[in-house]
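Participant: Numbering (the working numbering), first residue to last: 789 to 1212. All residues carry an ideal CB built from backbone N, CA and C; glycine is no exception. Computed from a predicted model, the values in this text were never measured in an experiment.
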Ligand code: CTP
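#1: Excluding sequence positions up to five away, which residues of its chain have a Cβ less than 8 Å from the Cβ of residue 808?
#2: If contacts are defined as beta-carbon pairs under 8 Å, then residue 822 and residue 893 qualify, I think. What distance do you get, rounded to the angstrom?
#3: Excluding the 5 residues preceding and the 5 following residue 1194 in the sequence, name in chain order all residues of the same chain whose CB lies nearer than 6 Å to its CB.
#4: Taking the continuous alpha helix (DSSP H) assigned at residue 915, which residues delimit it?
#5: By DSSP's criteria, residue 1128 is part of a beta bridge. Which residues make up the other side?
#6: How would you label residue 1057, buried or exposed, when you count the other beta carbons within 10 angstroms and need 16 or more for buried?
#7: With distances taken from CA atoms, which of 851, 864 and 957 is nearest residue 806?
#8: Who does residue 1003 pair with in a DSSP beta bridge?
#9: Cβ of residue 1140 within 7 Å of any heavy atom in the ligand CTP?
#10: Using DSSP's beta-bridge definition, name the partner residues of residue 1023.
#11: Considering only residues of the same chain and omitting the five flanking positions on each side of residue 971, which have a CB-CB separation below 8 Å?
#12: DSSP puts residue 940 in a beta bridge; with which residues?
#13: In this structure, how does DSSP classify residue 851 when only helix, strand and coil are distinguished?
#14: Tell me the rounded alpha-carbon separation between residue 1041 and residue 1061.
#15: Since residue 1055 sits in a beta bridge, which residues does DSSP pair it with?
#16: Which two residues bound the contiguous beta strand (DSSP E) that contains residue 1138?
#17: Mapping DSSP to helix, strand and coil, what is residue 1096?
#18: Hey, is residue 1121 close to the ligand CTP, as in C-beta under 7 Å from one of its heavy atoms?
#19: On the DSSP bridge assignment, give the partners of residue 1167 in chain order.
#20: Taking the C-alpha atoms as reference points, what is the distance between residue 890 and residue 1085?
#21: Using 10 angstroms around the beta-carbon of residue 1035, count the other beta-carbons present and answer buried if the total reaches 16, otherwise exposed.
#22: Below 7 Å, is the gap between the Cβ of residue 1040 and the nearest heavy atom of the ligand CTP?
#23: With a threshold of 7 Å, establish whether the CB of residue 1174 neighbours any heavy atom of the ligand CTP.
#24: Which of the three DSSP states is assigned to residue 841 in this structure?
#25: Thinking C-beta only, is residue 862 closer than 8 Å to residue 920?
#26: Let me know the secondary structure DSSP gives residue 1212 once reduced to three states.
#27: Cβ of residue 1070 within 7 Å of any heavy atom in the ligand CTP?
#28: Hey, could you find the ends of the alpha helix (DSSP H) residue 1217 is sitting in?
#29: What does DSSP give as the partner residue(s) for residue 1063 in the beta ladder?
#30: What is the residue span of the beta strand (DSSP E) that residue 870 lies within?
#31: Take the Cβ of residue 947 as the centre, count every other Cβ of all protein chains shown within 10 Å, and call the residue buried at 16 or more, exposed below.
#32: Pull up the distance between the alpha-carbon of residue 991 and that of residue 1021, whole angstroms please.
#33: If distances are taken between C-alpha atoms only, which option among 901, 874 and 1023 comes closest to residue 961?
#34: Got a sec: is the Cβ-Cβ distance from residue 1095 to anything in chain C below 8 Å?
#35: Determine the contact status of residue 1018 and residue 1116, defining contact as a CB-CB distance below 8 Å.
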């Protein structure tokens, strides 16, 4: 059996002492840890401490002839199953976002082909600074998993988000990323896990509702537009970017759920830990949704085309010079949400979205009844919601309406997942 290997980069910050506890947890869970200590990190913890806890040599510099001869820095960056940066300081995050490689840690981060988890810790103002916000967004867009820092009193005396999450929470996220890699067959080679070591199911501590409120649940999400072909080169589409649905899939996975994301044609990276099934048409989406059942919760965020072209031309439609335009006869697509509501395998909690341009709540209430959903998440798409980065939604249920203020789509996703977890 092969243990999962973690490459742990310890940045400079008072929270570095928690990295020692993280090493202990990974080792206890059957994983191997190789530590890289930055210059800054070495002011807070010593290489000796990390070496003793990890039972491995600790790497501190690019310019170590002995280490370089035994294992080059490129090899070091590739040998692990997962690279974890903990604590990830504002400086490290900025360098990662900019692609700077001026020491061993940043060089490894630029060279690695493995998934990367960054666990930020910094002063609240630094975390909320526009530069850090931008850098975190850049990293997330590039596929790096950046944990949200904890909120609370800080070593510097201020209060707010920026504290390093507890080592147990970081360890839980590591386990999830490793087990997600195992279940999705993702690009990184998944080691055979030592029985009960990292897979979180075997660790009651990490399955606690506080960390993983959707643990053990299967969440099905549809996202993006559908493309309905007219001929081999043309199609009918809509402006959906898929961002909201992808954010919901990511938030559900973070909450510990097994997530199946049925995605229309969008150019977004697959969120960590999510199983993604790409489809093009509404009919393909219908089939993929059926194949993904049973699910405990289904969240139908996709902007499914209501109509398709009744008869797709097998060859490209050509102008014949007569000035006559082709008439497209349309056929109605299956309503995936309504179909699921009536099916014998209806998920326990069925949530639809309603994209409206006027009378948003009235239409959403009508849609709730008509489609047989439990909740409808209504949003006004008359502005730039479709494709935009933020959203203001109303959660419409049989019990009433809760309106959330406008916020980034990731925050909308987390708010919904929180309510879903509460509803269960
Ligand atoms: N939906 C679906 N299958 C369809 C159409 C819509 O599953 N063929 C789902 C969407 O994913 C969304 C909800 O139904 O969760 C509402 O979609 P929307 O397009 O807003 O509603 P319509 O059914 O098109 O109603 P209307 O034309 O009145 O807006």
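Facilitator: Per the coordinate set shown:
#1: Hits under 8 Å: 833, 837, 838 and 841.
#2: Rounded, the Cβ-Cβ distance is 12 Å, inconsistent with contact.
#3: 1178 and 1180
#4: 912 to 916
#5: DSSP, once it has assigned bridges, lists no residue as partnering residue 1128.
#6: exposed
#7: 957
#8: Paired residues: none, contrary to the question.
#9: yes
#10: 1017
#11: The pLDDT assigned to residue 971 is 40, lower than 50, so where the model puts this residue is not dependable; a value taken from the coordinates is nonetheless given after this. These residues qualify, in order along the chain: 1046 and 1063.
#12: 948
#13: coil
#14: Residue 1041 and residue 1061: Cα-Cα distance of roughly 6 Å.
#15: None; residue 1055 has no bridge partner.
#16: 1137 to 1144
#17: strand
#18: yes
#19: 1143 and 1181
#20: 46 Å
#21: That one is buried.
#22: Judged by the Cβ position, residue 1040 fails to qualify as a neighbour of the ligand CTP at the 7 Å threshold, every heavy atom of the ligand being at least this far.
#23: no
#24: helix
#25: no
#26: DSSP, reduced to helix, strand and coil, places residue 1212 outside both helices and strands of the structure shown, so it counts as coil.
#27: Within the cutoff, so yes.
#28: Residue coverage of the chain in this structure runs from 789 to 1212, which leaves residue 1217 outside it and unanswerable.
#29: 1048
#30: 870 to 876
#31: exposed
#32: Only weak support exists for where residue 991 lies, its pLDDT of 38 falling under 50; the value from the coordinates is given anyway. Rounded to the nearest angstrom, the two C-alpha atoms are 51 Å apart.
#33: 874
#34: Note that chain C does not occur in the displayed structure, where there is just one protein chain.
#35: yes
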